[in-house]
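Participant: This is the structure, below, for whatever I ask next.
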Amino acid sequence: MSVLGEPVRLGPLVARNRIVFPAHLTNAAVARRPTPQHAAYYGARAAGGAGLVITEEQSVDPADRPYEKLVDGTDPAVVPGYRAIADAVHAHGALVLAQLGHNGGQSSSIYSRAPVDGADDEPDPMFREVPRVLGAGDYDRLVTGFGLVASHVAAGGLDGVEVQCSQASLIRQLFSARSPRALPFLTAVLRAVRAAIGPERVLGVRLQGDEGLPGGLGTPDAVRVAVAVEPLVDYVNTAVGVATRTLPLIEPPMGVPAGYAAHVPSAVRAAVSVPVIGVGRFTTPAQAREAVASGSCDLVGVVRGQIADPSFAAKALRGARVRRCIGCNQECIARVGLNQRLGCAVNPSAGREAVTAAPVSGSARVLVVGGGPAGLAAAVAAARSGHAVTLAERSDVLGGQLALASRAPERRELANLVADLAHEARDLGVVVRLRTPVTAVEDADAVVLATGARPALPSWAGGLERVVDVTDVLAGRVAPGERVLVVDAGRGHAATSVAELLARRGADVATLTPALVAADALAPTLDRERWRRRAAEVGVAEHTDRVVVACREGLVVDVLEHLTGTVTPWPADWVVHAGPPTPEVPSLGDVAVPVVRVGDCLAPRDVDAAVREGTAAGESIRERTSGP
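Under the UniProt record's numbering, the first residue of the sequence shown is numbered 1, with each subsequent residue one higher.
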């Protein structure tokens, strides 16, 4: 990994290595100002070895507020927050820059109660507000705003500024609209920022390399702009996708390969002499190293990889294993999109770095029953606290429901979470016993029950042999063929994954859901667009607003259509049900020690809840000092 550890000069300063923590929304701001959580969050990634940290966007216009918790960099009250961020990052030897931007027509008046300014009067498809087209005086006003915020950044002690001209940027919108004002405006902005921060700080620019839209900006446009602004900047960062229209390009879900955006930094790097940052869903050190070693970029941006494991960079440089991002987007992208704080399914502390608790340590004997994600997380947390941990799993493999779910198309990376937790458990000395059902508790001071959940077919299934649960398909206990009806009562990945799996095996598959939109739970995680394309490719038919009310011999399914109230017979050769399972809580007899339930055996939910609860349970165990 030596290539990642090489220092790189960024204008007047030197980054200690080539791993960057790029800008992204955290929703940690309060009253539009930075908070101690920002300082703790960025400081944790600096402590974890990142060479360069770039904060989330700081707005250069008080009226620009597409979401509630966008920091208003024009307010002088942000300076103490900037200073705290700078101190937290500098304490660990990394550089830290602030990203500055204006969202233009990709904004809203909900919070500002002011008109949205845009490059043209075309409403954005997400925000759906008709922008007020900028006038000549508006450009001068915004240039002044960039300079003002840059002066606050300098006063706060940060190492420089990155100007955003990419995913959600007025400047990108000007270039996209082919406005003759675009390049002069960007040039004026860069000059104003440089004047504010001086020659001793770093000035970078993030350019749009591929909007993913017909007739939109592409790599040649990024190259052209990079060449034009090269004399004014110390580095060029790159991006793909538009933050509303082609959001899955920016934050691609599970299944998208690393380096998918490499064509952009490669082309820019060939045209300029300043360092170029590349991004592209890098989840392992090997992928990050390949991006730099191949010449695709000079520095590599790793966001979700460093959210999942704050020590990603340090581990990469010493060749250690990281806890990998699995691309589920459940706690990062989906939470932020719902106006909640950023989190992470595999790292429960992400977004909560400022929350401190007294460390718990001891040497209790801990028994964890169940080897799914909740049980593994509990075992790891308890062992890290110094306890002697035994994990008993009744099957012959670890992973629980994830071991099954990872067999579905585009879901293989779920297995990485299991593998990483199992690896940590082994390193920490956890004794893992497979094929070990537990019916009584002996020689334990505390028990964590993580036995998961079992399938629950609905009453209309009637015990018919060919009405099965999705887990039966994934486990290989049945192999539905011919006409298959997948009933999506959970509206998540279970139904869509199995539908695709069976269609790729040659079955004639239809999905049925009571919801207004098929696979609607896949939208917040940015999976639905890719699913719809794959469904069309393999011929999966989707039906909405329908509920199964009965299932008769010969597999005739009676389906109620919400819109008309009519019940229609639906013939099928197999029916596969995807719905909420039932918690499985085994009897352990009389237990004289504390027992805590975590994960699906408490209440079936997503993997983030399992890991979070398991971790909390393991961390809370104290050495037993009394009792029998």
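All C-beta atoms, glycine included, are put in the ideal place defined by N, C-alpha and C.
Return the first residue and the last residue of the alpha helix (DSSP H) that tyrosine 235 is part of.
Facilitator: Position 235 of the sequence shown, counted from the start, is the residue given in the question as residue 235. Run containing tyrosine 235: none in the alpha helix (DSSP H); it sits in the beta strand (DSSP E), 235-240.
Participant: Can you tell me which of the three DSSP states residue 712 falls into?
Facilitator: With the chain covering only 1 through 628, there is no way to say anything about residue 712.
Participant: Can we say the stretch 99-114 touches the stretch 57-71, given the rule of at least three CB pairs closer than 8 Å?
Facilitator: Cβ pair count under 8 Å is three or more, so yes.
Participant: Using only alpha-carbon positions, find the residue among Ala507, Glu537, Arg533 and Asp545 that is nearest to alanine 518.
Facilitator: Here residue 518 refers to the residue found at position 518 of the sequence shown. Check the Cα spacing between alanine 518 and each of Ala507, Glu537, Arg533 and Asp545: the tightest is with Asp545.
Participant: Within a Cβ cutoff of 7 Å, which residues of the same chain sit near arginine 365, ignoring the five residues on either side of it in sequence?
Facilitator: Counted from its first residue, the sequence shown places residue 365 at position 365. Closer than 7 Å at Cβ, skipping near neighbours: Ala388, Asp443, Ala444 and Asp445.
Participant: Tell me, to the nearest whole angstrom, how far the beta carbon of glycine 104 is from that of aspartate 117; I am working on the premise that it is less than 8 Å.
Facilitator: Your numbering for residue 104 matches position 104 in the sequence shown. Your numbering for residue 117 matches position 117 in the sequence shown. That pair is a contact at about 6 Å.
Participant: Distance check for valine 163 and phenylalanine 282, CA to CA, integer angstroms please.
Facilitator: Indexing the sequence shown from 1 puts residue 282 at position 282. Indexing the sequence shown from 1 puts residue 163 at position 163. When rounded, the separation of the alpha-carbon atoms in phenylalanine 282 and valine 163 is 23 Å.
Participant: Let me know if histidine 152 comes out buried or exposed under the rule of 16 or more other beta-carbons within 10 Å of its beta-carbon.
Facilitator: Position 152 of the sequence shown holds residue 152. Under this definition histidine 152 is a buried residue.
Participant: Quick one: what's alanine 164 bridged to in DSSP?
Facilitator: Against the sequence shown, residue 164 aligns to sequence position 164. Correcting the residue identity first, residue 164 is glutamine in this sequence and not alanine. For glutamine 164, which the question treats as bridged, DSSP gives the partners Arg206.
Participant: If you run the structure through DSSP and keep just helix, strand and coil, what is proline 569?
Facilitator: Residue mapping note: residue 569 aligns to position 569 of the sequence shown, counting from 1. Strand.
Participant: Start and end of the beta strand (DSSP E) containing phenylalanine 21?
Facilitator: The residue you call residue 21 lines up with position 21 of the sequence shown. For phenylalanine 21, the uninterrupted beta strand (DSSP E) segment begins and ends at 19-21.
Participant: Apart from the five residues on each side of it in sequence, which residues of its chain come closer than 8 Å, Cβ to Cβ, to leucine 217?
Facilitator: Counted from its first residue, the sequence shown places residue 217 at position 217. The answer, listed in chain order, is Arg172, Phe175, Ser176, Gln208, Gly209, Asp210 and Glu211.
Participant: Given this structure, state the Cα-to-Cα distance separating serine 273 from glutamate 230, to the nearest angstrom.
Facilitator: Residue 273 sits at position 273 when you count from the first residue of the sequence shown. Residue 230 sits at position 230 when you count from the first residue of the sequence shown. Each residue's alpha carbon lies about 8 Å from the other.
Participant: In whole angstroms, give me the CA-to-CA distance for isoleucine 326 and alanine 150.
Facilitator: In the sequence shown, the residue the question calls residue 326 occupies position 326. In the sequence shown, the residue the question calls residue 150 occupies position 150. About 36 Å.
Participant: Please classify glutamate 6 as buried or exposed, where buried requires at least 16 neighbouring CB atoms within 10 angstroms.
Facilitator: The sequence position of residue 6 within the sequence shown is 6, counting from 1. Exposed is the call here.
Participant: How would you write the range of the beta strand (DSSP E) that isoleucine 277 sits in, first residue to last?
Facilitator: Counting from 1 along the sequence shown, the entry for residue 277 is found at position 277. From DSSP, the beta strand (DSSP E) with isoleucine 277 extends over 276-278.
Participant: Under 7 Å between the Cβ atoms of valine 486 and valine 576?
Facilitator: Here residue 486 is taken as the residue at index 486 of the sequence shown, counted from 1. Here residue 576 is taken as the residue at index 576 of the sequence shown, counted from 1. With a cutoff of 7 Å on beta-carbon distance, valine 486 and valine 576 are scored as near each other.
Participant: Which word fits glutamate 393, buried or exposed, when buried means at least 16 other C-beta atoms lie within 10 angstroms of its C-beta?
Facilitator: In the sequence shown, counting from the first residue as 1, residue 393 sits at position 393. Counting Cβ neighbours within 10 Å, glutamate 393 comes out buried, since at least 16 surround it.
Participant: Return helix, strand or coil for arginine 335, following the three-state DSSP convention.
Facilitator: Numbered from its first residue, the sequence shown carries residue 335 at position 335. Looking at arginine 335 - three-state DSSP - the assignment turns out to be helix.
Participant: If you scan the stretch 319-388 from start to end, which runs of the alpha helix (DSSP H) of 4 or more residues do you find wholly inside it?
Facilitator: 333-337 and 373-384
Participant: Excluding the 5 residues preceding and the 5 following aspartate 608 in the sequence, name in chain order all residues of the same chain whose CB lies nearer than 6 Å to its CB.
Facilitator: Numbered from its first residue, the sequence shown carries residue 608 at position 608. Contacts found: Gln330, Glu331 and Ala345.
Participant: Roughly how many angstroms lie between the CA atoms of valine 303 and proline 594, to the nearest whole one?
Facilitator: Here residue 303 refers to the residue found at position 303 when the sequence shown is read from its first residue. Here residue 594 refers to the residue found at position 594 when the sequence shown is read from its first residue. Spanning the alpha carbons of valine 303 and proline 594 requires a straight line of approximately 39 Å.
Participant: Considering only residues of the same chain and omitting the five flanking positions on each side of alanine 44, which have a CB-CB separation below 8 Å?
Facilitator: On the sequence shown, residue 44 is found 44 positions in, with the first residue counted as 1. Hits under 8 Å: Pro310 and Glu353.
Participant: For residue 630, which of helix, strand or coil comes out of DSSP?
Facilitator: The question about residue 630 has no answer, for the chain in this structure spans 1 to 628.
Participant: Pair every Cβ in the stretch 124-134 with every Cβ in the stretch 73-91, then say whether three or more of these pairs are closer than 8 Å.
Facilitator: A contact is defined here as three or more CB-CB pairs under 8 Å, and the stretch 124-134 fails this definition with respect to the stretch 73-91.
Participant: Could you tell me if asparagine 339 is buried or exposed, where buried requires 16 or more neighbouring beta carbons within 10 angstroms of its beta carbon?
Facilitator: Along the sequence shown, one-based indexing puts residue 339 at 339. Exposed: under 16 other Cβ atoms inside 10 Å.
Participant: For threonine 144, which beta-bridge partners are listed by DSSP?
Facilitator: Translated into positions along the sequence shown, residue 144 becomes position 144. Bridge partners of threonine 144: none, in fact.
Participant: For valine 576, write down the residues that DSSP places opposite it in a beta bridge.
Facilitator: Stepping through the sequence shown from its first residue, residue 576 is reached at position 576. Assignment of beta-bridge partners to valine 576 by DSSP yields Val468 and Val486.
Participant: Could you spell out where the alpha helix (DSSP H) holding arginine 612 opens and where it closes?
Facilitator: Working through the sequence shown from its first residue, we reach residue 612 at position 612. If you look at arginine 612, you'll find it in the alpha helix (DSSP H) that goes 607-620.
Participant: Return the residue from the list Leu190, Gly198 and Phe185 that minimises the CA-CA distance to glycine 137.
Facilitator: Position 137 of the sequence shown holds residue 137. Glycine 137 has its Cα closest to that of Phe185, out of Leu190, Gly198 and Phe185.
Participant: Is there contact between the stretch 373-380 and the stretch 596-606, where contact requires at least three CB pairs shorter than 8 Å?
Facilitator: yes
Participant: So, do the stretch 558-570 and the stretch 498-506 have three or more beta carbon pairs nearer to each other than 8 Å?
Facilitator: As far as the Cβ criterion goes, the stretch 558-570 does not touch the stretch 498-506, which means the pair count is below three.
Participant: With distance defined between alpha-carbon atoms, name the residue in Arg224, Pro604, His92 and Arg335 nearest to valine 236.
Facilitator: Working through the sequence shown from its first residue, we reach residue 236 at position 236. Comparing Cα positions, the closest option is Arg224.
Participant: Exposed or buried, what is aspartate 420 when buried is set at 16 or more other beta-carbons lying within 10 Å of its beta-carbon?
Facilitator: Residue numbering aside, residue 420 sits at position 420 when the sequence shown is read from its first letter. Answer is buried; the Cβ neighbour count reaches 16.
Participant: Fully enclosed by the stretch 56-139, which beta strand (DSSP E) runs are 3 residues long or longer?
Facilitator: 95-101
Participant: According to the Cβ coordinates, are valine 202 and leucine 13 closer than 7 Å?
Facilitator: Within the sequence shown, residue 202 is the residue found at index 202, counting from 1. Within the sequence shown, residue 13 is the residue found at index 13, counting from 1. Contact flag set, yes.
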